[in-house]
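Encoded as structure tokens, the structure appears first; notes follow it.
Protein chains in written order, with our numbering: chain G, 1 to 432; chain V, 433 to 864.
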């Protein structure tokens, strides 16, 4: 299938911040074949007229717990401890494969409709989640965050080690690498050095990336320092956890020494501004991370702490927050936000996408040229970073395949999913 | 015209935080006639089946500069001084009535589509803006923020005093009070005590409310204290500016003594979180204002400093920000956000609306029951405050008249407005 986009305003997301008006972008065999202002020769199976609308790389959601859609807003208004122990954990004990599939599909619908083409998902029953991602046509890095307490670690004693092996066998490399599996630690405070070493070896021996929660709360960060005399980044780095491509979710309370390690080892920070604010975790030092040359990407986190997955919202919030909290209107620019949401995310997940250039995978989104909130357009980057909403996305293409167009989901059965969530998953999980 | 909403989840926004499932809300002669779970008797001209969706009071945007849509994102990425003097002011010198009408209509489309039923607009060429509000069917408090420098104040020497008189004559009380005019000072730093006294008398003698920018930036607040030995709230209060119903936009740097005055005099604070963050002004003390019993409402400010007018976004942001900056996940609740966006806003603007109760004006919005981002719904208030987007609004009713439904604007000519903005206003204002 070959597709030609014409009459689009193309945000290439190259280092020069090129924006091409009246551009053509050709897609062949799932990849971008050409980009320019002259119509390419050759025949295309389909031509899509953007009518001047913005065509840009799809957004990359680098930290999600997709199936948590089931728990959207559930138990809100309680302190963290009560919320987790009395609300979230009991529900999570009731998942079955059918319910997690329905709730993953629901979350994917929300992400796809708001322009996400690639995500990193850390949750449970990941074999089933992988099937949902495979069917939805989206790109995904899947992982199962390992947890292990106690002194007597062995891979055989650790259920999560077995699950990571299984997940690797089931999905890593699926569909020419559209699905990948990352090794994963839930966090420093839910595991032990023996597990860190096993995970580090597992990742290295299989050629996998790493996904871990880091310094989300002041308490977690401080307790790690009390326990080991060093920060979570430092403690895990020492055991080899960051010797592979790695993403560190949150990083709210990381310190200058952490940033130096992250920059040196190529650990990407995943900023989840809505979740960090909602849970009262604080404001991540995004401006300082960028200055320290750390690759900063964006995530929505689960909808139980956001409570939506519109990454346009998180992109805007990331920028607003640094400007406002530091009382500096130039703290970050629109381009910083766009880079966090696209190229930096693709880099964090080890993807050949996140920009518009020949040879990259065609993960692209097209925006409505006539949406009142995008008119006029003095500066395309600025409009995307500060004025756009997920609802402005009229087309979502993943690897050259249109998976969403004009409100219709082409890979997910919308009615069936809503019915499954309402009639099966919610009664099962919540007894109502 | 009588309309019956049936099969809706009604957020009444009463002090008891009542949410009625399977509710009926009857509208007659522009006002709410009945609310309940039993079908009312009588015949209705139209019945609207909400299919379980949320029906709630329309959002009230208490601080807008609507026509600034023209300058969405224009000159972004410069410091405030450069941005205002080299970008915004020169453009504002080029407005004519035709362009301001088109850009006001564009802004109203964005607000109406995202659930605003009532707004306070402070800008220029307000007679024309008033005509746009009249035609759009929306409720609005109009004002012309007076500016006067120099020692030799007299009403005759102050162009803005004349404009306020004219605006009062032209629009105050129009359509049974749907349009109101407020007296207005641009700000303490752009005027003198003689003008403050004139404005205070003008408001009192005409029975008007008051609209003024207060303590938006640290600089402004500090310079006022240096100039007068007191804060803007204190300086203006002394001259009678707050002896009428008043709205104070921003209040970012207000102090405990200010909050006491505001609570005592009934001055509403209008929180504009996106704008305050974007311009680097800071984070308003919303939690403390509420604790001090100040009525806190919400505004988008102009899109040149936001850059959108989706008040759902500002409602969520207001909540996230207090939780995050104070590292307290219970700093504000979902209901605090909903109250700021509805009842508190209506109170700030002196309106008999903002809640669903018999006798109030029928300013109502209906949300899509099948939007993936609102499913499931464990708690309607929580879903609205944290998960909803303006794009979930499927119907906007102002005073019993449906002005927007399923993507269609019923009072504004969408195509004509887009054409006018693109072909007339943008070339006139920006020479392109």
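Each residue gets a CB set at the ideal place from its N, CA and C atoms; glycine is no exception. Remember, predicted model here, so these are calculated numbers, not experimental data.
Please tell me whether residue i and residue j are closer than 8 Å, where the distance is taken between their beta carbons.
i                      : j                      : result
residue 67 of chain G  : residue 104 of chain G : yes
residue 747 of chain V : residue 777 of chain V : no
residue 387 of chain G : residue 504 of chain V : yes
residue 183 of chain G : residue 203 of chain G : yes
residue 468 of chain G : residue 10 of chain G  : Because chain G here runs from 1 to 432, residue 468 of chain G falls outside it and cannot be looked at.
residue 385 of chain G : residue 334 of chain G : yes
residue 478 of chain V : residue 435 of chain V : yes
residue 783 of chain V : residue 550 of chain V : yes
residue 126 of chain G : residue 167 of chain G : yes
residue 369 of chain G : residue 712 of chain V : no
residue 391 of chain V : residue 722 of chain V : Nothing can be reported for residue 391 of chain V: it is not among the residues displayed for chain V, which extend from 433 to 864.
residue 310 of chain G : residue 407 of chain G : no
residue 841 of chain V : residue 541 of chain V : yes
residue 356 of chain G : residue 136 of chain G : no
residue 738 of chain V : residue 700 of chain V : no
residue 48 of chain G  : residue 5 of chain G   : yes
residue 695 of chain V : residue 667 of chain V : no
Quick check on residue i: buried or exposed, where buried means 16 or more other Cβ atoms within 10 Å of its Cβ?
i                      : result
residue 395 of chain V : Any question about residue 395 of chain V goes unanswered here, given that chain V covers just 433 to 864.
residue 581 of chain V : exposed
residue 677 of chain V : buried
residue 39 of chain G  : exposed
residue 610 of chain V : buried
residue 461 of chain G : Nothing about residue 461 of chain G can be reported from this structure: the residues present for chain G run from 1 to 432 only.
residue 688 of chain V : exposed
residue 85 of chain G  : exposed
residue 81 of chain G  : exposed
residue 584 of chain V : exposed
residue 52 of chain G  : exposed
residue 461 of chain V : exposed
residue 93 of chain G  : exposed
residue 601 of chain V : exposed
residue 122 of chain G : buried
Whole-angstrom Cβ separation of residue i and residue j, contact assumed at under 8 Å?
i                      : j                      : result
residue 831 of chain V : residue 794 of chain V : 6 Å
residue 482 of chain V : residue 440 of chain V : 3 Å
residue 796 of chain V : residue 829 of chain V : 5 Å
residue 199 of chain G : residue 252 of chain G : Not confirmed; about 22 Å, so no contact.
residue 154 of chain G : residue 424 of chain G : Not a contact, Cβ separation roughly 38 Å.
residue 375 of chain G : residue 538 of chain V : 6 Å
residue 496 of chain V : residue 732 of chain V : 6 Å
residue 56 of chain G  : residue 111 of chain G : Their Cβ separation, rounded to whole angstroms, is 16 Å, which puts residue 56 of chain G and residue 111 of chain G out of contact at 8 Å.
residue 756 of chain V : residue 774 of chain V : Not a contact, Cβ separation roughly 23 Å.
residue 260 of chain G : residue 17 of chain G  : The Cβ separation is near 27 Å, so there is no contact.
Does DSSP put residue i in a helix, a strand or coil?
i                      : result
residue 233 of chain G : helix
residue 9 of chain G   : strand
residue 493 of chain V : strand
residue 618 of chain V : strand
residue 169 of chain G : helix
residue 345 of chain G : helix
residue 536 of chain V : helix
residue 653 of chain V : helix
residue 724 of chain V : coil
residue 361 of chain G : strand
residue 176 of chain G : helix
residue 504 of chain V : coil
residue 553 of chain V : strand
residue 744 of chain V : helix
residue 526 of chain V : coil
residue 77 of chain G  : coil
residue 558 of chain V : helix
Can you find a C-beta in chain B that's less than 8 Å from the C-beta of residue i?
i                      : result
residue 854 of chain V : In the structure shown, chain B cannot be found, because the protein chains are G and V.
- Query: Closer than 7 Å, Cβ to any Cβ of chain G: which residues of the stretch 509 to 520 of chain V, in chain order?
  - Reply: 509, 511, 512
- Given a limit of 9 Å on CB to CB distance, which residues of the stretch 481 to 508 of chain V reach chain G? From the stretch 481 to 508 of chain V, only 501, 502, 503, 504, 505, 506, 507, 508 have a Cβ closer than 9 Å to chain G.
- Message: Along the stretch 128 to 150 of chain G, where does the CB come closer than 9 Å to a CB of chain V? Name the residues.
- Response: none
- Short-range partners of chain G found in the stretch 640 to 663 of chain V, where Cβ spacing is below 8 Å: Considering only beta carbons, the part of the stretch 640 to 663 of chain V lying closer than 8 Å to chain G consists of 650, in chain order.
- Query: Going along the stretch 279 to 290 of chain G in order, which residues come within less than 9 Å of chain V, judged by CB to CB distance?
  - Reply: 279, 280, 281, 282, 283
- Contacting positions in the stretch 332 to 359 of chain G - beta carbon closer than 7 Å to chain V: 333, 334
- If you measure beta-carbon to beta-carbon, which residues of the stretch 448 to 461 of chain V are closer than 7 Å to chain G? none
- Task: Please list the residues of the stretch 818 to 834 of chain V that have a C-beta atom closer than 9 Å to any C-beta atom in chain G, keeping them in chain order.
- Result: 818, 819, 820, 821, 822, 823, 824
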